[in-house]
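Q:
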Amino acid sequence: MKSIVQNLREDKNLTQTELAEKSGLSLRTIQRIEAGNIPKGFTLKALANVFETEPKKLLPSKEFIKLDRAKLINFSSLMGLIIPFGGVIFPLILTYKTNDPKNRELGKSIVSVQILIAVALSVSQILSPFIQKGLSLHFPLFILPLLLIICLKLLVVIINGNSLNNKNDLHKNLKINYL
Numbered sequence: 011m012k013s014i015v016q017n018l019r020e021d022k023n024l025t026q027t028e029l030a031e032k033s034g035l036s037l038r039t040i041q042r043i044e045a046g047n048i049p050k051g052f053t054l055k056a057l058a059n060v061f062e063t064e065p066k067k068l069l070p071s072k073e074f075i076k077l078d079r080a081k082l083i084n085f086s087s088l089m090g091l092i093i094p095f096g097g098v099i100f101p102l103i104l105t106y107k108t109n110d111p112k113n114r115e116l117g118k119s120i121v122s123v124q125i126l127i128a129v130a131l132s133v134s135q136i137l138s139p140f141i142q143k144g145l146s147l148h149f150p151l152f153i154l155p156l157l158l159i160i161c162l163k164l165l166v167v168i169i170n171g172n173s174l175n176n177k178n179d180l181h182k183n184l185k186i187n188y189l
């Protein structure tokens with residue numbers, strides 16, 4: 011993931027060497043900052059002057075740390091693979107014990123998706139014996155929707171986890187929130 015300084019440098023079409031010259035910093039300092047070191051003091055002010063911005067805008071936001079709770083809520087939805095409705099119950103508990111509004115909103119979105127998946131699983135399991143009898147199948151039909159929904163649950167958790175890591179948001183948000 012690119013640093014804020016690297017993005018600003020590339021937006022201004024500057025090389026690392028040119029940025030070092032304009033800011034009065036060493037090339038090695040620029041390289042360290044773009045590799046993840048956080049600029050402080052004189053370095054921060056020098057870079058802010060070059061980019062014509064406030065120094066605090068060059069610092070990484072704390073969102074990465076704050077979203078650990080949302081990542082835990084997302085991961086806890088896998089409990090639905092072990093405990094019936096665990097994919098709703100555990101994330102719901104974690105969501106409502108969260109004080110941070112961003113994590114709470116993300117948690118509500120995660121729980122809403124898990125509610126939809128749980129309802130789809132329940133309906134498919136109720137209907138499968140009737141469909142099996144109606145079609146005179148000798149194969150236990152309930153296994154197919156069960157496996158499909160387990161795969162869907164895993165896919166949703168993986169995609170949301172990846173999106174939380176990379177974009178600090180969920181991959182898709184439902185327009186309808188059940189909570």
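When we follow the working numbering, the leftmost residue of the sequence shown carries the number 11, and every step to the right adds one. We treat Cβ as the ideally placed atom computed from N, Cα and C, and that holds for glycine. Treat the numbers as computed from the prediction; the structure is a model and nothing was measured.
1. Please state whether the Cβ-Cβ distance between A80 and L116 is less than 8 Å.
2. By the DSSP assignment, the alpha helix (DSSP H) with F52 in it spans what residues?
3. Rounding to the nearest angstrom, what Cα-Cα distance links Q124 and L147 in this structure?
4. Sort P70, I160, I141 and K32 by Cα distance to E62 and report the nearest one.
5. Measuring CA to CA, which of Q26, L189, D78 and K50 is closest to N176?
6. Answer yes if the stretch 165-180 comes into contact with the stretch 139-153, meaning at least three C-beta pairs across the two stretches below 8 Å, and no otherwise.
7. Going by the beta-carbon positions, is the gap between N84 and I136 smaller than 8 Å?
8. Rounding to the nearest angstrom, what Cα-Cα distance links V129 and I159 in this structure?
9. Under 8 Å between the Cβ atoms of I40 and L29?
10. Quick one: is I14 buried, meaning 16 or more other Cβ sit within 10 Å of its Cβ, or exposed?
11. Given that a residue counts as buried once 16 or more other Cβ atoms are within 10 Å of its Cβ, and exposed if not, what is V98?
12. Assuming D110 and K76 form a contact by the criterion Cβ under 8 Å, report the distance between their Cβ atoms to the nearest whole angstrom.
A: The answer reads as follows:
1. For the purposes of this step, residue 80 is taken as the residue at position 70 of the sequence shown. For the purposes of this step, residue 116 is taken as the residue at position 106 of the sequence shown. Yes, these two residues count as a Cβ contact at 8 Å.
2. Along the sequence shown, one-based indexing puts residue 52 at 42. First-last of the alpha helix (DSSP H) with F52: G51 to F61.
3. The residue you call residue 124 lines up with position 114 of the sequence shown. The residue you call residue 147 lines up with position 137 of the sequence shown. A straight line joining the alpha-carbon of Q124 with that of L147 spans about 30 Å.
4. Here residue 62 refers to the residue found at position 52 when the sequence shown is read from its first residue. Of the candidates P70, I160, I141 and K32, the one whose C-alpha sits nearest the C-alpha of E62 is K32.
5. Sequence index remark: in the sequence shown, residue 176 carries index 166 (1-based). It is D78.
6. At 8 Å Cβ cutoff, the stretches do not touch.
7. The sequence position of residue 84 within the sequence shown is 74, counting from 1. The sequence position of residue 136 within the sequence shown is 126, counting from 1. Against a cut-off of 8 Å, the Cβ pair of I136 and N84 comes out as no contact.
8. Position 119 of the sequence shown, counted from the start, is the residue given in the question as residue 129. Position 149 of the sequence shown, counted from the start, is the residue given in the question as residue 159. When rounded, the distance between both Cα atoms is 10 Å.
9. Here the question's residue 40 lines up with position 30 in the sequence shown. Here the question's residue 29 lines up with position 19 in the sequence shown. For I40 and L29, yes; Cβs fall inside 8 Å.
10. Your numbering for residue 14 matches position 4 in the sequence shown. Buried is the call here.
11. The count along the sequence shown starts at 1 and reaches residue 98 at position 88. Flag for V98 reads buried.
12. By one-based count along the sequence shown, residue 110 stands at place 100. By one-based count along the sequence shown, residue 76 stands at place 66. Rounded, the Cβ-Cβ distance is 6 Å, consistent with contact.
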